[in-house]
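Presented below is the structure to which this report refers.
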Amino acid sequence: MSTDAAIRTDALSKDYGGGAGLFDLHLEVAAGEVFGYLGPNGAGKTTTIRLLMDMLRPTRGRAEVFGIDCQAHPVRVKREVGYMPGEMPQWGGLRGRDIVAHVAGLRGGVDAKAVSSLATRLDLDLGRRYREYSLGNRRKVGLVLAFMHRPRLLMLDEPTSGLDPLIQQEFFGMVEEACDQGATVFLSSHVLSEVERICQRVGILRRGRLVQVARLDELHRLRYHRFEVDFDGEVPLEAIGACPGVDNVVARDHHLTFDVHGGVAPLLRALGTGQVLNLVTHEPSLEEVFLAQFRDEPHGATEPAGTAR
Amino acid sequence: MSTAAAPAASPTLRLPRRPAPLLRHALRTQRWWFAAVAIIGFVSPYSTGATFLAAAPTAAARASFGHATQTLGAALTYLIPLPRRPETVQGYIWWKGLAWLTLLFAAWGLGAAVSLVRADEERGVTETWLASPVARVRVLMSGTWAFLLATLGAASLTALGIGAGLEAARASAGTAAVVGQCLPLVGIALACFAVGLLVAQLAATRHGALGLGTAVLLVLYALDALARVNPGLAGPAVISPFHLADISTPLVPGGSLDGAATGSLFAIAAILIALAALGFAHRDLYAPLLRRRVRAAHLTVTPSGNPLYRRAILSRLWQQRLGLMGWIGGTAIGAALLVSLARGVGDLLTSMGGIERILATSGTANPSLWVVSSVWFGVAALVIAACAVTQVTRWASDDVEGRLEMEIAQPVARWRVVLERFVALTLVSTLIAAVGSLVTAAIIPSQGLHVGIGPLVLATALLVPLALSYGGLGALVITRAPRVAMGLLSLIAVLGFYLPILAPLFRWPDWLQDLSLFHLYGTPLTTGVFWTGLWIMLGIIVIGFGGAMLAMSRREISR
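Residue numbers (this note's numbering), protein chains in the order written: chain A, 8 to 316; chain B, 52 to 610.
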């Protein structure tokens, strides 16, 4: 393994049975990188994070954080990590300041000024009881606990869930600052737009398998153009359908919609064989690309050919 | 290229309509309490009836036994009602087997109501119900019907226990008398359930509601107890459900079911339930009926400066300081009350005759000292066991509610979590036992007794391995099934409490008694260390906590 990798997994698997779990995960996240871990609900994002945090034990394979084996030396790993779970614990009547003090006591080496700075930025009142916090405020407590000791690696499970847009912006700023200070950030999400905002690379997980790892600019290549064309008279359906990269063709009377991946020169020639009345085209957002990738595919129908790295 | 297909018409999926989901949910939440109360409800009158013949086999013996019990009852009148016709098996079952059951049914009622209102609300269950087209009153009434059904079931088993106890003592009572005796149990359970429903509308949290409800019931119980020794308080005592439940004695020869008192219990329940429903209809979900307006306060952004939070074990204890103070205060009051009765009860036992048989194996010839050794330290063992069960419940909820996950996410070895729990339980049980013994040491001279510091320290110290035995068992259970830990440990404690009573009755082998941790504790104040018991307890502690450390290191932490 390269010594500058913050996270490295080798065939990491957790088989819950019935096809659920995580399978043969080969992943490498470089130190200093902000890595987005994407996938629909139940894809295995939380399972991956819990395996890295030694909450779960792998069925096979191994995982390392900064070269330290997660299963053999979990305490050493956790010294380097700031963790925010997907679901916050219930602390009942404890006040925010007591929770922070308790967790800081377990960890040691937490600067009270760092806590104050985080709480101020997140507009979090630590004087209130945990049960009085809204969902968003509970997530803010989670962020304070994850960031307060300035860890080398931040492992955040759906960190922006429940945060309002203003606080989300603050969170993005916190991630950028952590990154500037050399920290690595591994965050899971099913919201592509937030990943698009802060991550340098993303991994896409589906049904427990990593189907794609790419830089964001590479992911943009997945994008396509959607065309809507109205014809006067006959629609040159065959000519358009024969063009390379044309997909999802739907014809209704004289109206035609289709997607085009790649160059459009052959398509423009094919369109010229008919009488075009109106033509509209737009580029779907990465979110739509992402959704199209995972929509309406029966189980087992689109298993990846290999494991992406 | 692919072309889009017209969407196929999908058939409408209709889920089968299941009857009364609210009722089923409420019944489901009652099942463990129901099981515990039903078992105790059956065993208590049955074991009382079954022991009667052995205690008083002849008419003369019964007369003497009845007199002695009457005097004993007079000494315990602050706790339970005076015996009535204790020379008869029916009277004896009523006094020893049933009188204290009112407390159990009352506690069940309070717990069930708080669970229905506050625990369901904290879990988000109530919000889910109310998000469907269900009226608030219906949620409350379904829970009430479920509790009534469960109470009727438990009371029926109590009636069967009375019947079996009478049968064992070769006696009988009319079905109406047996059923009539169980009716006040249903009434008090329902009345206390209604008290719980009402206070749960006024408190913000489950713990708050439980604390407030317990305080209300303690006041009502104290009113009844004071009225027993001070007839001037009989008037105000009619508002106490305990007083109304104690009045009816249809099982006792010459006694009768007081229709007005029993009816009052149900009337109180109905009124309080109506008030609770009104309160529920007018309050915000997740909030008490009366709430203070939040004052604008400056933002607190600094962590707590309390140094106790910096040490994991001290932090654990500090977080439960109110509960701990309750345990310590309760133990101190219990010690003061029971030890102050030692001389009176001892004199009474001397007058009973046959006490020599008990004293022969008790390590003392002084009946008063026997009372302190067996009765008070027996109760102390029960308190310590209950405290250990609550600690285990807390560990289990750490697991289920995600706090353990956050602890493990810090650079803390997993085995250390178990070790910290062990140390915390050791400190808690030592503190409670020590306070109980300090009170005992302070009061015991007033009873004309002298107990050396050595035996007192020994009896106190041995309570700690008893607590740790329950803790060890619990620690092991929660590594596999945290959600069942409390139920299982409570069952072990209840069975352990009854085993030493039932084993001699049924001539079960002696080793079977060693399955009871209370038996393993013994009576160290007068008989010294029961070494077999101590070794077994130490074995349980080592296996329990050692196994828990191993299991904790290997298990998965996941909600």
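C-beta atoms are modelled at their ideal positions from N, C-alpha and C, and glycine is treated no differently.
Please report how far the alpha carbon of residue i lies from the alpha carbon of residue j, in whole angstroms.
i: Val451 of chain B; j: Leu131 of chain A; result: 26 Å
i: Ala416 of chain B; j: Gly487 of chain B; result: 24 Å
i: Leu571 of chain B; j: Tyr549 of chain B; result: 13 Å
i: Gly162 of chain B; j: Ala240 of chain B; result: 10 Å
i: Thr511 of chain B; j: Leu589 of chain B; result: 16 Å
i: Ala386 of chain B; j: Ala431 of chain B; result: 8 Å
i: Val423 of chain B; j: Ala222 of chain B; result: 34 Å
i: Ala119 of chain A; j: Val110 of chain A; result: 12 Å
i: Asp22 of chain A; j: His33 of chain A; result: 15 Å
i: Ala210 of chain B; j: Val229 of chain B; result: 6 Å
i: Gly238 of chain B; j: Glu607 of chain B; result: 46 Å
i: Thr314 of chain A; j: Gly215 of chain A; result: Interpretation of Thr314 of chain A is limited by its pLDDT of 36, a score under 50 that renders its predicted location unreliable; the figure taken from the coordinates is listed afterwards. Thr314 of chain A and Gly215 of chain A: Cα-Cα distance of roughly 11 Å.
i: Met162 of chain A; j: Arg344 of chain B; result: 38 Å
i: Thr195 of chain B; j: Glu184 of chain A; result: 56 Å
I'd like to check one pair, residue j with residue i: are the Cβ atoms closer than 9 Å?
i: Ala245 of chain B; j: Ala327 of chain B; result: yes
i: Ala107 of chain B; j: Ala219 of chain B; result: no
i: Leu212 of chain A; j: Leu29 of chain A; result: yes
i: Gly148 of chain B; j: Ser95 of chain B; result: yes
i: Leu170 of chain A; j: Arg146 of chain A; result: yes
i: Ser425 of chain B; j: Leu500 of chain B; result: no
i: Thr477 of chain B; j: Val508 of chain B; result: no
i: Ala13 of chain A; j: Arg157 of chain A; result: no
i: Ala587 of chain B; j: Leu519 of chain B; result: Sequence inspection shows Ile at residue 587 of chain B; the Ala mentioned does not correspond to that position. No, these two residues do not count as a Cβ contact at 9 Å.
i: Glu235 of chain A; j: His262 of chain A; result: yes
i: Ile529 of chain B; j: Val390 of chain B; result: no
i: Leu45 of chain A; j: Val209 of chain A; result: yes
When burial is assigned at 16 or more other CB atoms within 10 Å of the CB, is residue i buried or exposed?
i: Gly547 of chain B; result: buried
i: Met62 of chain A; result: buried
i: Gly397 of chain B; result: buried
i: Asn48 of chain A; result: exposed
i: Arg605 of chain B; result: exposed
i: Val287 of chain A; result: exposed
i: Asp164 of chain A; result: buried
i: Arg91 of chain A; result: Sequence inspection shows Met at residue 91 of chain A; the Arg mentioned does not correspond to that position. Buried, since its Cβ has 16 or more Cβ neighbours within 10 Å.
i: Pro254 of chain A; result: The amino acid occupying residue 254 of chain A in the given sequence is Asp; Pro does not appear at that position. Exposed, since its Cβ has fewer than 16 Cβ neighbours within 10 Å.
i: Pro137 of chain B; result: buried
If you measure from the beta carbon of residue i to each beta carbon in chain A, is any gap under 9 Å?
i: Ile144 of chain B; result: no
i: Thr256 of chain B; result: yes
i: Ile494 of chain B; result: no
i: Asn357 of chain B; result: yes
i: Ala252 of chain B; result: Here the sequence assigns Gln to residue 252 of chain B, which means Ala is not the residue at that position. Gln252 of chain B does not count as touching chain A.
i: Leu500 of chain B; result: no
i: Gln564 of chain B; result: no
i: Pro354 of chain B; result: yes
i: Pro462 of chain B; result: yes
i: Thr351 of chain B; result: yes
i: Met457 of chain B; result: yes
i: Gln442 of chain B; result: no
Of all Cβ atoms in chain B, is any one closer than 9 Å to the Cβ of residue i?
i: Val283 of chain A; result: no
i: Lys147 of chain A; result: no
i: Lys52 of chain A; result: no
i: Ser123 of chain A; result: yes
i: Arg276 of chain A; result: no
i: Ala308 of chain A; result: Unreliable positioning characterises Ala308 of chain A in this predicted model, as indicated by a pLDDT of 38, which lies under 50. The coordinate reading is nonetheless provided below. No, Ala308 of chain A lies away from the interface with chain B (no Cβ there is under 9 Å from its Cβ).
i: Tyr90 of chain A; result: yes
i: Asp171 of chain A; result: no
i: Ala185 of chain A; result: no
i: Val107 of chain A; result: yes
i: Val271 of chain A; result: no
i: Arg159 of chain A; result: no
i: Glu94 of chain A; result: yes
i: Thr16 of chain A; result: no
i: Thr191 of chain A; result: no
i: Ser9 of chain A; result: Only weak support is given to the placement of Ser9 of chain A: the predicted model assigns it a pLDDT of 45, under 50, and the question is left unresolved by the model.
Closer than 8 Å to a non-hydrogen atom of the ligand ZN - does that hold for the CB of residue i?
i: Leu34 of chain A; result: What this structure holds is no ligand at all, so the ligand ZN is not there to describe.
Tell me, please, whether the CB atom of residue i is closer than 9 Å to any CB atom in chain E?
i: Met181 of chain A; result: This model lacks chain E altogether, as its protein chains are A and B.
Checklist entry - Of all the alpha helix (DSSP H) runs that stay within the bounds of the stretch 36-94 of chain A, which reach a length of 4 or more residues? => result 52-59 and 81-86
Next on the checklist: Give the list of continuous alpha helix (DSSP H) stretches no shorter than 4 residues that lie fully inside the stretch 68-142 of chain B.
Outcome noted: 72-106 and 110-126
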